[in-house]
Every structure is written in C-alpha cells, then in structure tokens.
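Going line by line, the protein sequences match chains U and L.
Mind the numbering: the first sequence is residues 1 to 529 in the numbering used here, read in order.
Mind the numbering: the second sequence is residues 530 to 940 in the numbering used here, read in order.
All residues carry an ideal CB built from backbone N, CA and C; glycine is no exception.
The structure presented is a predicted model; accordingly, all values stated were derived computationally and were not measured.
One structure is given below, encoded as structure tokens.
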Amino acid sequence: MSQKYDAIIVGGGHNGLVCAAYLAKAGRKVLVLEKRHVLGGAACSEEVYPGFTFSVCSYVVSLLRPQIIRDLKLAQFGLHVLPLESTFSPYPDGRSLMRSADPAATRREIAAFSPRDADVYPLFGKAMGQLARFAKPIIDERAPDPSSYRPRELMQLLKMGKQFRDLGDDLGLLQYKLTTMSAVDFLAEWFETDELIAPMSCSGIIGTMLGVKSPGTAYVLLHHYMGEIDGASRSWGFARGGTGAISMAIARSAEHFGAEIRTNAGVSQIKVKGGEAKGVVLEDGSEIDARIVISGAEPRLTFLGLVGESELPNDFVTQLKRYKLRGSSGKVNLALDRFPDFKSRPGIGMHVRGDISIAPNTDYLERAYDDAKYGDFSKKPFMNIVFPSVLDPDMAPDGKHVMSIFVQYAPYHLKEGPSHWPEKREAFGDAVIDTLAEYCPTLKDSILHRQVLTPWDLEQEFGLTEGNIFHGELSLEQLLFQRPASGWAQYKTPIRKLWLCGSGAHPGGGVMGAPGQLAAREILMGGAC
Amino acid sequence: MQTTPFYPRTSALCTSFAWKEWAGYAAVCHYTPHSEAEVFAVRSTAGLLDVSPLFKYDVRGPDAGAFLARIWTRDISTIGVGRVVYSAMCDEQGWLLDDGTIARLGPDHYRCTSSEPWFSWFLKHSRGFDVEITETTDEICGLALQGPRSRAILKGITEFDMDRMRFFRVRKTLVGGVPAWVQRTGYTGDLGYEIFCENEHALALYDAIMAAGEPHGLVPMGLDALDVARIEAGFVLQGVDYITAKDCLIDGLKSTPDDAGLGWTVDLEREPFIGSAAIRAERERGPAWDLVGLEIDWEALDELYNAAGIPPHLAPEACRLSVPVYDAQGQQVGQATSTTWSPTCKRYLALAQVRRPHHRIGTELRIEHTPLFERQTLPATVVEKPFFDPPRKRETPGAAKPQTPAPEVQS
C-alpha cells in the first residue's frame, strides 16, 4: 500500500525539525505535526507583551552541532548566533566577578579574589578542553550498545576505549573524577575561592533535581569547554531573534528540502497495530498514516501518553516510570522600561553581554536545594540571567529591554502536589524579583510585564513532562546507552516503526540538535523509510 | 603618521591600542582586545568605522561626467544626480589601477573615492575637458555606519526620510545638525551608509551618530572586522586581492578587471575610455584569470587537526597572506589572497585568483593549509559569491510610496 508520507514527526521542536530536515534532504516525504501555534517546542520566541520578544523557555544555545548548521545551511536560512561574551557574578556585598574571552582581563578579575586561582583558571580550562575533545565524538555518534557483539557496536566501543587511553594517566584520572564527583568537590580540588566555585558549579545542576554538592554533578562542567569554532573559550551563544529563530531556520531548511510542517496540529494518539506504528490520530480526530512515526516528544509522554501501556512490554513500562523527569526549574521573563543597573557594576557593559549568575556562594546554592528537597521552591534561588535586548536590540522597543531569568529550584513535585503550582506562581515570581532586587535595586520600578513559568506551566503548555527542560534528567545513569531506557537507546523503540528523535534520546537535551540528526541517520541507514 | 579628525574620539575608545597605517593615517584595527564583537555587530546591530583615509577627489565642470567616463570603466556620464556607482579604473594597457565609488553630487559635481592617490593621473587625462579637479582627501572626512540597525540610527538624526533612500544613492543633508553627504554604500555587503563631512564638523558628526546609536547597540568598528565583513560580501581589496598596476614592476603581477572579478564594471559599448581597446582585445583572446570565491572543506580541516592531536584552530581575523591553490592533479592554478572564517556564514572562505577554466562554480581545488608548521592541502570548492548577501542590503522600506523627482543636491 502506498503511503502519502514516509514519516510523520510528532512535535515541531528543534529536534523534530532537524530530523525532518535530514529525512527530507534524503528525499523522504515528511510531515511534522506541532500542537502549538508556533514552532520550536521549548526553543521558541514569542511576542508575549507588545513589542517585546521573549525566548520563552530555552534562552541560550550551546553545542548546536556545527555539522547540522552546515548540512542544513542554517546560516543561509537565517540563523545568526551571537556569542555570549562573558559570565558575570555579582555578590550581595557589592563585589563582582566577570569572566570573559579575554584571558588577561579574566586573570585580573579572579586575582582580586585569589592570585592563586587566577593562575589555575587557564590550566583548568586547558585540562577541561582536552577532556572535552574526548567527549565530543560521544555526542556526535549514536550511543553504542555495550551488551551487543555486533561488529559496529564493538568497533565503536573500541574507538571510545582507545580515545580514553589516549588521554593518558593524568587526564584519565581527571575524567574518572569528573564522572563521579560533585561539581563543588571537583572544583574545590582546583580552586580555593568559593565565589568562583559557586557560579562555576551551577552548570552541573541545571535541569536536575540535585545540588551542587551531590555526587555525579561534575561532568556537566565539560559542556562549557566543548565550544568549537567561534568559541575560543566559551560555547554559549544567543540566537538573533531569540531561541525560536533557531527553530525557524531549521523549519525553513526542512521546508526547502520538501518537508511539510503543520502547526495547531496536536497528536492525541500514535496508532499501533500488532506491535507496529501505523500513523497518528490528531486532536481533531482525523487520522494520518505513514510508513514510520518518529516522536520528538518526551519518552514517557510518547509511550504512556500517545501509545498506551497495553501495547508495551512490562519491563519497558517499568523503566519509563522510573525514568527521572522531576523538573526542578522555572523561568521568569521580564519586559523592562529601562535597563536595571547592577549595584556592583552599573551600566550596559560587557558584563551584561553574557550570562549572569546569581550564585554568590556554595552554601547559598545548597540552601536553595534544601528548600526544594522537601517540596518547596527556593526562597533565594540560583538564577541564570541573560539580557537578549542588549545583544539584539530587535527583541525590545528602542531603549527598552527584555530580561530572561532561569530559576532553580522550582521542584515540580511540590509538597502539596504539582497541581498546586498555579496558586503559588506569583509567590514564586515574587521570590525571584525580591532576590534580584538585592543586586539590581531599580529592577522593581522598571518592570512593565512579568511572565512566570513554573514546571507545571512547562508541562501543560510545552509538553515537558514534570517540567523537565531536558526531557529527562541529564544524570549519568540516564545517558548514553541508558537514554531513555536500557536496550532502547538507539532511537528504535519496542514498537516497530516508531522511533524517537527528541532530547529524551541520546545525547540528550539542550539546543544541540544531535538527537534529531542521529535519529535521522539511524532511520536512513537501516532503510526504515 | 597623520591622524584623522575623528582621532580624539577613536583614540579614547581604542582600548586595545591596536592601530595600523592606512594611506598615511593611523587607523584602528580593533577597539577592544578582540575584533569578534565588532564582526558580530556589523551583522546584528551596527558598527561605525572611520573611513577618512580614503582618497577623495571632487570633479566639477560641464565636462565632469564625460571626463570621469573616460577615467573609469563604467559609463559615468549616464548616471543621474544623487546616484553613486562602484567602478574600476585601468591604465592604457587595460591593467587594473584601482576601484572606488563615484557619487554625482550635483549636475556638474562628482566625488570619487579610491584606495590610491590619482591626482596627477586625473590631471594628465583631463586635457581637453572643461573640468576642475580638487583633491579633498584632507578636507573631507568620512564615517561608514554599517549594519542592520544603521538606518534606524540615522532616522532620528537626519532631516529627511531615510526609509526612502535607495541603495547607491547620495544626498546632502543635516546629520545631527551637521551638513553632510549621506550615501547608501559601504564595504560590508550589509545595510549601511557612508557619511562624509567637512573636517571641522567631524567630532559633532561622530558624537551625534554614537549618541543616536546607543540604544541600537552601535559599536565603533576597526579594520579587522571590516576585513572579515568585506570577504563575506565578496569584495576585493586593492593591494591584497589585486595590486595596482602602477606599483607592479612586472606584468605578471598585474590584473585586468576580468582577472580580478571586476569584469562586470566594464562597459565597452560606449565612447572609448582608458584601457578599453586593450580590454576588448583581451576579451577576444579570452581572459586568463578570474577571482572566485572558495569554500574550504571543514570536515577535512577537522580531520587534519585531529590527526595532529589538536582542536581545529583558525586565526580570529582574516588572513591576507597569499596561499597557493592547486588543481586535483597538484598543479598550482592560482592563489587565495584573502581567507577568513566567516562567523556569519559558519563557513571557512577565501577569495582566490585562479587560472581559467578553474574558475567555474563547483570546480574542486585544493588549498594549502599549515597546521603545526607543516604544509598540507585541503579540498576547496569554487562557490558563488557574495558568500553573504542579505536582502536588507538593497531593500528600501519607503520605496513603495510614489517617487518624487530626484532631489537637488547642493554642494
């Protein structure tokens, strides 16, 4: 029987769109179905308040794979990523620290706290850079299956083993520590300044329900050193037009290659017959068939929500239920009448052209986690702030600004239960603004509009189950051949002709596009469509 | 070295102390320790560059158009008042001397810009023409305001509707209260303007533009960022991508307009001009060279560096060293003259002079690359240029309105 579509992709997030573009480029007839009115999933830009464009959820881009940018000609389709020039950490006592791509300036800044740490900082960067080179092939390849004796799997494992051996003893040990230690303990082996360790350790906890002193949080520090070209010493960027501009560039590319994309087309069910995916049922009741179905949605939502438990093997269901989502963060987006000066460093300088960390010391961060452990949002949360309008004035009317505030911890599992989030939403927003006002005294008076997104909102509006921004925690036991479930980490699923291509698949979340690309590669290689 | 009239402002902003010589003037390479922010600004907000060192000649008189048509490869006599054209200039043998812009400021008044001094050349060839030639290099200063926000910046401080100014037009107006010539031209391949004024107004002009640019993310921009932008735009640079014939000791170093990719500026269907007979003869023989865009294969570069055990590393600025280019058989067929990583296009790009027929789009060549002091080659493909050509460069939001006659330009 001839099908109109070779593949239907559930969800027009950036990974679904990447997968669609690669399949279309290979000549397949592809249909992307997005529930919302805008594309991008959590990587979207919206004019929430007139004249102000918010990167509603995901707000910075890291590790968007360079080969995807090249293959899909994303620059030609409008992608323009601006570098985040610095990482700025203000402290409540009026001091501050800015680290930038200028090594001499960074050295001076750190030396004000510790001359010793100032010297160690570039050495740390060098060691991490070398480890990052070991990690890079891992995110550019599908995860090998360690339980298989197939030549392809063995070859890949052998290659990884060789790369690990090539690191040498010192770096090998460092790699071992990195994968086992907590972010704070790992950093404390290098640095003595708590004011430096605290903001650096935060990258280890983003999106996880762990604290900076929880074991296994160190390895995410590597992300910061995996920047490629353009990224002399940092890999974070901001897309002109907001994060949605990345999704739009991918969508334009996918359409250029012939993919069909529909918005306001939510999928309510993935049709399965005899253990095989046949197509989808839309929320309006209409049905569309295809040779294969690929889900960019989060795995638990895909299987338990769209497929149904009865179609699945029991141990797979058990694994899915154990799969750690437990979102831990929220987002506050502000439309501002004027720029809110930082008490410790007023003005619009390089320090606000990057990301800003509210992480004054490690105890502060651990206390923020303490609140969350027992089901409450942090009274004084960790925050990561970006001013998109400083980098791209098109994001706000002339002279006005948008402020993007990532907030952790906001645990999905409130002690009262997650459904109580709506009644706590504004109190959560107030805690964020009150904390920030200690650093930016004029902030409160400059707010024109406030958008507060709790993990509950992220789940309801964006399909991020339990509000997890990465479609599943990026903890080590949920990575590589374990993502999303052991035995099912190569984009295939227990349902024949149903594939995964989202952040719940290897190598995981963040706007990198790798799951979408690798899924497309596996699908094409196996001749699945 | 001389300083330009903007020096009091540019020197205060130039915290990197990175200056270089440009036509006898001190010019900023990059204002902060890295040029990267300036490269990104010109593609996302705007950059302000001091272009005062450009050589400038005012040509006046009833024969000015006819005279300039004789000097330049394009037919300057046909351009209307308020228009600007880009053109090449050759010697009698058809060898390229320079390229530049010619703006018609009034019925009998033109202004040329060039990279080299041509006063005596102009004088020599003005015999028989009723023209008066004045060098204004040291009397008139200029700023290039380039980038997607440049129009919005000028809107607030210019007395007429910038939305209506079209690509390659010039107009005398007040900018921040200063009498100035605003022309929609530039060397970045983006939306942009070049603004010229008398030296005495320099600082008032600079301050007005910087103040207006503040909410738009305007940054001062140096020559290093310009170099990356102009390669992305596919623009050749005299002295780098070709050498003015007046400085060449041997013909082998000279280029014709066709050799340098400037053949499109040559209009042979008109009164003879300097070099036209030689160019016509060359075209009958078939030109030997062309200037093309090359894209260097990134995967191969990545492998080359991986094999050496280091991450891929490219200089953060454009490279102006000539690098040999080979055909598939290893025979040298030309040289890349300007090479840069393009942060905008995310491609590793070069402008190269190659022997025909290696100039055809899609031709697979190899280019020398030197990681870790060892000479290697990488695959490079001849691709279309400009590499970066955003629609905003040409778009005129107010153009749909009924056109009024070209305004009289007072000079």
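Excluding the 5 residues preceding and the 5 following residue i in the sequence, name in chain order all residues of the same chain whose CB lies nearer than 7 Å to its CB.
| i | result |
| --- | --- |
| D826(L) | L907, P908 and A909 |
| P853(L) | Q861, Q864 and E897 |
| T607(L) | none |
| E255(U) | I261 |
| D918(L) | G718 |
| K444(U) | I433 and A437 |
| R923(L) | F696 |
| F481(U) | A143, P144, D145, P146 and A489 |
In chain order, what residues of the same chain have a beta carbon less than 8 Å from the beta carbon of residue i, not counting five sequence neighbours either side?
| i | result |
| --- | --- |
| I405(U) | K331, V332, N333, L334, M383, N384, I385, V432 and L436 |
| K380(U) | Y364, R367, A368, A431 and T435 |
| L782(L) | I772 |
Alpha helix (DSSP H) containing residue i: first to last residue?
| i | result |
| --- | --- |
| Y547(U) | Lying before the first or after the last residue shown, residue 547(U) is absent from chain U, which here runs from 1 to 529. |
| R133(U) | P115 to D140 |
| G242(U) | Careful: G242(U) lies outside any alpha helix (DSSP H) and carries neither H nor E. |
| N835(L) | W827 to A837 |
| M209(U) | Segment: none, M209(U) is in no alpha helix (DSSP H) and carries neither H nor E. |
| Y536(L) | Y536 to L542 |
Thinking residue i and residue j are a contact (beta carbons under 8 Å), I'd like their distance in whole angstroms, please.
| i | j | result |
| --- | --- | --- |
| R678(L) | L747(L) | 7 Å |
| R589(L) | H638(L) | 5 Å |
| M525(U) | T53(U) | Their Cβ separation, rounded to whole angstroms, is 39 Å, which puts M525(U) and T53(U) out of contact at 8 Å. |
| W236(U) | D355(U) | 6 Å |
| L479(U) | G508(U) | 6 Å |
| I631(L) | V614(L) | 5 Å |
| T794(L) | R603(L) | 5 Å |
| D690(L) | G927(L) | 6 Å |
| I523(U) | G296(U) | Actually they are not in contact, since the Cβ atoms of I523(U) and G296(U) sit about 13 Å apart, beyond 8 Å. |
Which residues of chain L have a Cβ atom closer than 8 Å to the Cβ of residue i, listed in chain order?
| i | result |
| --- | --- |
| H80(U) | R572, S573 and T873 |
| I69(U) | K875 |
| R240(U) | S573 |
| D398(U) | A681, P744 and H745 |
| P66(U) | W827 and K875 |
| R133(U) | P840 |
For residue i, which residues from the same chain have a beta carbon less than 6 Å from its beta carbon, with the 5 sequence-adjacent residues on both sides left out?
| i | result |
| --- | --- |
| E34(U) | G12 and T263 |
| Q675(L) | V571, G576, G715, T717, D719 and G721 |
| P749(L) | L542, Y560 and L577 |
| G231(U) | With a pLDDT of only 43 at G231(U), under the threshold of 50, the placement of this residue in the model should not be trusted; the figure read from the coordinates follows. Within the same chain, G231(U) has no close Cβ partners at all. |
| V30(U) | A7, A20, L23, A24 and A259 |
| V660(L) | V588, G590, D592, A593 and F596 |
Please name the residue, chosen from the options, that lies closest to residue i on a Cα-to-Cα basis.
| i | options | result |
| --- | --- | --- |
| E195(U) | D117(U), Y225(U), Q175(U) and T493(U) | D117(U) |
| A127(U) | L222(U), R300(U) and L479(U) | L222(U) |
| M530(L) | A552(L), S545(L) and E645(L) | A552(L) |
| F697(L) | L597(L), E893(L), G705(L) and E723(L) | E723(L) |
| A410(U) | Y121(U), G279(U), I495(U) and I205(U) | I205(U) |
| P845(L) | D102(U), G51(U) and S357(U) | D102(U) |
| N361(U) | L39(U), D166(U) and I197(U) | I197(U) |
Mind listing the chain L neighbours of residue i? Cutoff is C-beta to C-beta under 9 Å, in chain order.
| i | result |
| --- | --- |
| D102(U) | T561, P562 and H563 |
Which residues of chain L have a Cβ atom closer than 7 Å to the Cβ of residue i, listed in chain order?
| i | result |
| --- | --- |
| G513(U) | Simply none; closest approach about 13 Å. |
| P340(U) | The premise fails here: P340(U) is roughly 15 Å from chain L at the closest Cβ pair, so nothing lies under 7 Å. |
| P83(U) | E565 and F569 |
| A75(U) | T873, C874 and K875 |
Following the continuous beta strand (DSSP E) through residue i, name the residue where it begins and the one where it ends.
| i | result |
| --- | --- |
| P908(L) | Q905 to V912 |
| Y855(L) | V852 to Y855 |
| H449(U) | I447 to L453 |
| S329(U) | S329 to L336 |
| L173(U) | Element bounds for L173(U): not the beta strand (DSSP E) but the alpha helix (DSSP H), G168 to T180. |
| K653(L) | Element bounds for K653(L): not the beta strand (DSSP E) but the alpha helix (DSSP H), F648 to K653. |
| D627(L) | L625 to G635 |
| C19(U) | No beta strand (DSSP E) holds C19(U); the alpha helix (DSSP H) holding it covers H14 to K25. |
List the residues of chain U that residue i touches, going by C-beta distances under 8 Å, in chain order.
| i | result |
| --- | --- |
| R698(L) | Going along chain U, no residue has its Cβ under 8 Å from R698(L), so there is no contact; the nearest lies around 25 Å. |
List, in order along the chain, the chain U residues whose C-beta lies closer than 7 Å to that of residue i?
| i | result |
| --- | --- |
| R678(L) | P393 |
| W827(L) | R70 |
Is residue i near the ligand SAH, in the sense that its beta carbon is under 8 Å from a heavy atom of that ligand?
| i | result |
| --- | --- |
| Q319(U) | Of ligands this structure carries none, so the ligand SAH is not represented either. |
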